[in-house]
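In our numbering, the protein residues as written are -10 to 390. Before any comments, here is the structure.
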Amino acid sequence: MNTERPAHTDTIAKQAREFAESKVFSDVVAGYMAPTNASKPVSKINMVIHPNDQMLDHSLKHFNSVGTALSQYFGVALQQHRSAQQILSLFHPDLSQVKVLDFACGYGRMLRLLSNSLSPKQIWAADIQHDAVDFVSTQFGVNPLYSGSDPEQFNPPQRFDFIWVASLFSHLPEALFHGWLVKLTSLLTDNGVLCFSVHDEALLSPGQTMPQSGIAFAAHSENKDLDQEEYGTSHVTEAYVAAVVERAMGASHPYFRIPRGLAYQQDLYAVPKTATRDLSVLKNFRWGPWGWVDERRLFTHGNLDLIRLCGWATSFDASPIEHIHISQGGIHTTVPLSVLRTDVEGVFHDPRLRDSGWEVTLAHFVESAKAQSFIEISAVCADGTRALLYAGLMAEPATAA
């Protein structure tokens, strides 16, 4: 494996990690953390990011922008945390004694937030990347568990009330998909629930077809540090998941599917240990708002410095997007959704998203003569729920190649 990284990549990655730890950015992220019945409002989050965090590297390579990459990285983390937190709370209203396993935790994109919602001593973190487990244990105080590629070799002494698995089953070939489902459900308490994410067949690229088996696996992924034959990219049908659950847990064993429950992309499946467990509480699941900033541009018109911003936002919940909120230089602006976005409607196959676009041109307020202007953009639902769309500098310093 080639571990050399271009100087450009190292430079922008270092800038991103430093900016993530800045007070202005960390305060923004903390502001999106809603307290639960077992926690207080969050004032400070450990924002240290490991240099080998593949999720941040993937965003940086795609966007080549510190602010955009960090906004995506933490936007997904916040939505993941909101999903995991509410599913956990729906099944276990008293969180004071629950034991939670974040399996395939990576370098802790979601764990840094979960360890603020629960006592870190209630959380176990497992991953095949042992340096990642060491990192999250040291930084966030959670209990470490080393995993491997063979499900039969993963035998922790604990049993768990909730096992969260984000973006692992969406990368597994058929044998490991079944093997890890059997193993992880065996680690649940009698009252426990496994929650994992998958790529549904609806996310297949144009021209791809689903095999009769119901699982399409390709030996490639964004994580080049792992064996691509064991961690590639898979898409599955609901019928396939149902069949695997039945093989692992017995005939007619219940499960609950939440379409696009993870970052409005991957489906979430909840599988209880006990067949009589009531899953109807998951009908109360809320996706929260979601969206993106497509354009962020500074320009001059006459004697005016202006900002051009546009993007889209949506919510699958009953509470619709009320407005886009923009904060820059102490000035706050709200923008309605009023732009036709048939592209967004097409991606989500949902006619409700046809008018999900927004756009605005604003005066550019520089906060000080020596500092670039910091801007925060969020989508706000009618019930007050917010999603981070962008937080960072309006214009970023150039990075030498």
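C-beta: ideal position from N, C-alpha, C; glycine also.
Judged by DSSP secondary structure, arginine 286 falls within the beta strand (DSSP E) whose first and last residues are 278 to 290.
The Cβ neighbour count for phenylalanine 288, taken over all protein chains shown within 10 Å, is under 16; the residue is labelled exposed. Nearest in C-alpha terms to tryptophan 169, of all of Pro340, Ile117 and Leu378, is Ile117. In the structure shown, histidine 167 falls within a helical segment according to DSSP collapsed to helix, strand and coil. Across the set Ser175, Val171, Tyr244 and Ser186, the C-alpha of Val171 shows the shortest separation from the C-alpha of arginine 236.
Counting every other CB atom within 10 Å of its CB across the protein chains shown gives glycine 56 a total of 16 or more, marking it as buried.
Secondary-structure assignment with DSSP links serine 367 through a beta bridge to His314 and Leu377.
The DSSP assignment places complete alpha helix (DSSP H) segments of no fewer than 4 residues inside the region 50 to 111 at 55 to 80 and 100 to 106, in order along the chain. Looking from the CA of proline 195, the closest CA among Ser367, Val336 and Ser104 belongs to Val336. Shown here, glycine 20 sits in a helix according to DSSP, grouped into three states.
Counting every other CB atom within 10 Å of its CB across the protein chains shown gives glutamine 147 a total below 16, marking it as exposed. For alanine 207, same chain residues with a beta-carbon under 6 Å away, outside a window of 5 residues either side, are Gly221 and Thr222 in chain order.
Within the same chain, Glu10 and Gln128 come within 7 Å of valine 37 by CB-CB distance, once the 5 residues on both sides are set aside. For histidine 224, the secondary structure class from DSSP, reduced to helix, strand or coil, is strand. Here DSSP, grouped into helix, strand and coil, assigns leucine 177 to strand.
No Cβ-Cβ contact shorter than 8 Å links isoleucine 152 with leucine 134.
Histidine 312 and glutamate 141 have their C-alpha atoms roughly 50 Å apart.
When secondary structure is reduced to three states using DSSP, asparagine 41 falls in the coil class, being assigned neither helix nor strand.
DSSP assignment within the region 118 to 149 yields the following whole beta strand (DSSP E) runs of 3 residues or more, N-terminal first: 132 to 135. Leucine 271 and glycine 291 have their C-alpha atoms spaced approximately 55 Å apart.
Taking the C-beta atoms as reference points, glycine 280 is found nearer than 8 Å to alanine 376.
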